[in-house]
Structures are given as structure tokens and as C-alpha cells.
Amino acid sequence: MNGGLSILVIDDNKIRASIIEEGLQDAGHDKVIVVHQMDGLVRQIADINPDVIVIDLENPNRDQLEHMFQVSRAVHRPIAMFVDSADSQSIEAAVDAGVSAYVVDGLRRERVKPILDMAISRFRAFSKLASDLEEARTELADRKTVDRAKGILMKSKGLSEQEAYDLLRRTAMNQSRKIIDVAQSLVIASGLLGD
Amino acid sequence: MDPKLRPVIAGFIPLLDCAVPVIAAEMGFAEEEGVALKLVRETSWANIRDRISVGHFDVAHMLAPMPIAATLNLTSLAVPMKAPMLLGLGGNAITVSMDLWQQMTDSGADLKGDPVTTGKALASIIFSRHSDGNPPLRFGVVHPFSGHAYELRYWLAAAGVDPDTHVEISVLAPQVMADALQAKQIDGYCVGEPWNTAAVSAGTGRIVTYKQAIWPDSPEKVLGVTHTWAERNPETLAALLRAFSAAAEWCASPENAEQLAGILSRPDLLSCPMEICMPAITGQMRFDIGEPELSQPDFLSFSGGSKAAPMPAHGRWFFEQMVRWGQASASEEAFSQAEAVFSPQIYRSALGLEDSWLEPAIKLFDA
């Protein structure tokens, strides 16, 4: 059911690009080409002659790309942004997800829309992945800060680890603050006082 | 955030003339007017266009011709827009490679950026390349619907060059222009500051002429807002315009120049050395690494007064360029729509300007 469309994915984030590539291939599109950089892109587009181009919105070269689609003689067929005026929600969803698609003139929307929808869902999946990772990183950093605060209390007040933690927790509760905030203040203050 | 404040989300591109929204947010001018202004840095004008169109942004820092192109349905995701305030006048320049500059001086180009002699000198080089069968010179601009594109084209055409056939004009992101020049991917470019000074201070480029010389006191960036948002939020827009007016006055004041350059060069804004922000902000431009500074107080200017009011004549001029270069077809209706995008009404009533106003005479260097 892929209709043999060739799809070019431009994304300098290699992990995200491969997630999209995989999604499109799983959906039966076997002509998916991924490029990570703009160097020589005009030539590549001319060679690949794609039906659909998917690009991430973080790419600083979108203006260059859009201009090229309009004027380049090397690009065989006119390419325009996929704007489905009958379905403004899908455009909004694409921008929300951080992706944009360009299609060659004359392609019917029924053929393009599933590709855009796939790109949108894969972009969303990726940003969920990225935010989970970020959360995990923060959590790790928080734990380190709490450990340092405990260490400071253990050293300066001669407390055990459990006692140090209880003190942090009590202080946080009394001040209606988070443990991490109390720990952070303590680490900063201790730094200022030269330990 | 103070719940009494009205939230406004503004998109911007990191360039010197994003100063007004940045200062409005940073120095408390927005808050004084009851606006909680949140700025979002963007990576392309296409993103600014798309995100204002789908409503992610309430307002945006935009190239002056963009709201006209959107209103006249000349771009993707086009929506009717207004340009209620000019966020900066001037600020662009045309920079060429040192090689090309050497040839231009041999052909009589002026050292101080006079567009007539520099244009003539460049034209003679372009024509001799043409008759010798050499490939055309390549120039970069930041967007097809931009002051940069129109200034470069106007300047070339005034010297008898056809910008569509005698040279190649391509689009590049502003921050990569200087590198592209050094890598010889292009021979010259028209861009806003600090990306001309970036090539000058690296010794790889030379400023040959500039926007203020081509069209004095002309609009460069505007505040862009969709028709729908402006109509639904008239009070918020008026408050924002008052905040921007105060911020623009702050930016225009010479004693704030250093602080402004310091803020704009930060990693979360332009992320560049502060030194390259200083020349356009202080009006002390250096056109060539080997030459002294030239005092050009109006090279880039900010105004919070009546000078920041858009004028129908500005809209008309930009639309004329779109027609001239084949981006749009002329019609009386389109002309009046372009003029309406640049109506001064919203700005003047927000600021309570009641003096009579006259359309400025649009006078370019060859008039």
C-alpha cells in the first residue's frame, strides 16, 4: 500500500531520524532516504527526486530549503509545503510536534497525509523519549546534590547518614520546601562558607 | 508569574534588531505595562511564520515584508496580518569577499559605502565576467521576502545589473553568511548586523554599502501579529506597543549601548562575541579591518516615538518590490491590502499620538 513514494528525511538528529525512518519502513515505505546535513543537498535532492520531504523545525536551513524548492533548476518538480487547508488540525499537530513536510506538486493528500501523520507520531515519541531522559538526568543530579548535603551535615554535625537525611527532610517539611531545594541551599551555603 | 499580568508569547530571531522585544522583557518595560512577555528564540523565518500562523506565538519579530506576504497569501500557512510597529530602522549592509573588493576598488568603488560608485564598480565586474563567459557572482540573502533581498536587488538594478540573470541569489541563514563567504561558497551577501561585522573583523569580508545609504530610515523588522489576535486582544496589543516604545527609547539611548550589546551577545540570545555587536549599536562602523571606524549614528536605529509608526507608503514600497521581482502580481486591491498592513493607526492610538502625520516621501539613493 506504499504506492512507491520516495521520502527524504532531513534531520541532523541521527537518533530521531532513524526512529522516523524505521516508522516509515514499518508502514511499508521502502524508499526512505535520510540525510543529516545540508552540504550538497541541492544535488542530493536532484538525484533522489523525492516525492515527499520531511524536515525538523529546529533545522536553521529551512528558509534556504524553501527558497531552493521554488527557484532551483536542479530540482525537477515544483515542491511546496504540505498545507492541507481542509485539515488545519494536522498542520497544527505537525508544528506542535516540531516537523514540517514538503511534497511535489500534484500528489494527492490521501497519499501524503499518512506519511505526515507517521512523522508527527514519531516526532512526538522522540520528544517523549528526550524528556524522559532529561527527567532521569535531573533525578540523578538531584540525588547527587542530596548526597552532598548529607555528607556536609554528617561531617559538620557528626550525624549518621540516616540522621542527616532525616534532618534535611524535617527542615524541608517545616519550611514547606522540597528536600532537593534545602539540599541545594545547604550545598551553596557550605560552598560560600568554605566548607 | 503575576496572575494579573496578561501573557504574551513572542517569537524572535537572534539579530541585533531583536533588541526591542528583548529589552521590553528583560528591563521590566513589559511588566510596567501589565504584560508578562515570554520570548521564544527561533531558528528560521519559516518557523516564525508557521508558529504565528498556528497560534504558538501571539506576536513575532518579523522581516518587514513578511506580514504583507502572509496577508496576500504569497507564502505557506498564510494568514492576514498586521505590522503595528517598526522594531528597527536600517541595520543591514552588503558585504563582499576581499578578492571581489580588490576588483571593485580597481574599478573606482567608494571607501565609505556610497551605493552609486560601489554599484557601478560591481556592475562593471559583473559585465566583464559575463562577456568573458565566467560563471556569475553568487550572493546570499536571508529570505526571499526580506528587506535584504530587495535592497540588494534594488542596488544591483540601479547599476544596470539584472539580479535574476547576471548574478545568482540564494538564501542562507544569517549566522552562516560570513563562513560561506570565507569558504568561497558565495562572493557577497546582504544581511543584518552583526553578521557583516563578523566577516569584517575576521578580515574575510568588506562592507561595500548599507541599508541606511540605500534607503535612509527605512523599516527593517516589524512587530508582526495576526489580524485575529489583534482584534481579539486590542488592549493587550496596545499595552505591548507602549512597552515596546519605552524599550525602544532605552535601546536608542547612547548610554545604554554597552549594556545592550552585553545582553544581546549572551548565549541565550545572539551567542556571539560582544565586540561584534558594538559597531552597529554605537554607530561606529568599520567597513574594512584595515580602515578606521566611520561615525554613522543612524546605521541602525531604534525609536519609540512616531518614527516607529509603520506607514502605508512603506507597505506600498515593499509590495512594489514583490511585483518588480515576480513574487506577486499587481492589482489595486493588493496594493491597498499591503498599505493596510502598514497602517499606523494601532500604534498611534496605543501611544496617544495625536499630532497630524504625513506619509513619508520614499526616497532611495538614486532618486
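So the sequences go chain by chain: A and B.
Residues in the first sequence are numbered from 33 upward in steps of one, following the working numbering.
Residues in the second sequence are numbered from 100 upward in steps of one, following the working numbering.
Glycine included, C-beta positions come from ideal geometry on N, C-alpha and C.
Given the structure is predicted, the values throughout are model-derived calculations rather than measurements.
- Query: Hey, how far is the Cα of A:Q57 from the Cα of B:W349?
  - Reply: 55 Å
- Across which residues does DSSP place B:L138 in a beta bridge pair? B:A109
- With 16 other Cβ atoms within 10 Å as the buried cut-off, status of B:M421: buried
- Message: So, for B:V307: in the same chain, excluding its five sequence neighbours on each side, which residues have a beta-carbon less than 6 Å away from its beta-carbon?
- Response: I193, V195 and T217
- Identity of the residue in B:S448, B:A466, B:E432 and B:W456 nearest B:I167 by Cα: B:E432
- Option nearest A:S132 by Cα separation, candidates A:V144, A:L139 and A:G138: A:V144
- Item | Partners in chain A for B:S370, counting only beta-carbon separations shorter than 9 Å | By Cβ distance, chain A contributes nothing, its closest Cβ being about 12 Å from B:S370, past 9 Å.
- Could you tell me which chain B residues have their CB closer than 8 Å to the CB of A:H99, listed as they occur along the chain? H242, P243, S269 and V270
- Message: Just to confirm before moving on: does the CB-CB distance between A:D43 and A:D83 stay below 7 Å?
- Response: no
- Along the segment 152-165 of chain B, what residues have a CB closer than 9 Å to any CB found in chain A? S152, V153, G154 and H155
- If you compare alpha carbons, which of B:W424, B:Y253 and B:H247 is closest to B:M276? B:H247
- Item | alpha helix (DSSP H) runs contained entirely in the segment 329-367 of chain B, provided each spans 4 or more residues | 333-351 and 356-363
- Task: Examine chain B for any beta-carbon lying closer than 7 Å to the beta-carbon of A:R48, and answer yes or no.
- Result: no
- Query: Under the three-state reduction of DSSP, which class applies to B:R305: helix, strand or coil?
  - Reply: strand
- For the segment 165-177 of chain B, which residues have a beta carbon sitting closer than 8 Å to at least one beta carbon of chain A? S175 and L176
- Message: According to DSSP, simplified to helix, strand and coil, what is B:R237?
- Response: strand
- Query: Cβ of A:M113 less than 7 Å from any chain B Cβ?
  - Reply: yes
- Proximity test, Cβ basis, 7 Å: B:I108 and chain A: no
- Query: Does the segment 409-424 of chain B come close enough to the segment 448-466 of chain B to have 3 or more Cβ pairs within less than 8 Å?
  - Reply: yes
- Who are the near neighbours of A:K228 in its chain, counting only those whose CB is closer than 8 Å to its CB and skipping five residues on each side? Since the first residue of chain A shown is 33 and the last is 227, residue 228 of chain A is not available in this structure.
- Classify A:H99 as helix, strand or coil using the three-state DSSP reduction. helix
- Starting from the beta carbon of B:W144, find every residue of chain A whose beta carbon is closer than 7 Å, and list them in chain order. D95
- CA-CA distance, B:D397 and B:G382? 6 Å
- Is there contact between the segment 121-132 of chain A and the segment 137-156 of chain B, where contact requires at least three CB pairs shorter than 8 Å? yes
- Task: Check whether the Cβ atoms of B:A346 and B:A109 sit closer than 7 Å, and answer yes or no.
- Result: no
- Under a three-way DSSP split, which group does B:Q274 fall into? helix
- Proximity below 7 Å, CB of A:D179 to CB of A:I212: no
- Task: Say whether chain A places a C-beta atom closer than 7 Å to the C-beta of B:D149.
- Result: yes
- Task: Evaluate B:N295 with the Cβ neighbour count: other Cβ atoms within 10 Å of its Cβ, from every protein chain shown; 16 or more gives buried, anything less gives exposed.
- Result: buried
- Assigned secondary structure, A:D164 (DSSP; H/G/I helix, E/B strand, else coil): helix
- Item | 7 Å Cβ shell around A:V148 - same chain, five flanking residues per side excluded | One detail in the question is off: residue 148 of chain A reads as Leu in this sequence, not Val. F114, S122, A126 and A133.
- Within 10 angstroms of the Cβ of A:Q194, are there 16 or more other Cβ atoms? Answer buried if so, exposed if not. exposed
- Task: Assign A:H68 to one of three DSSP states: helix, strand, or coil.
- Result: coil
- Can you tell me where the beta strand (DSSP E) with B:C289 in it begins and where it stops? G287 to G291
- Message: List, in chain order, every chain B residue whose beta-carbon is nearer than 9 Å to that of A:S122.
- Response: Simply none; closest approach about 11 Å.
- Item | Proximity below 7 Å, CB of B:L136 to CB of B:A129 | yes
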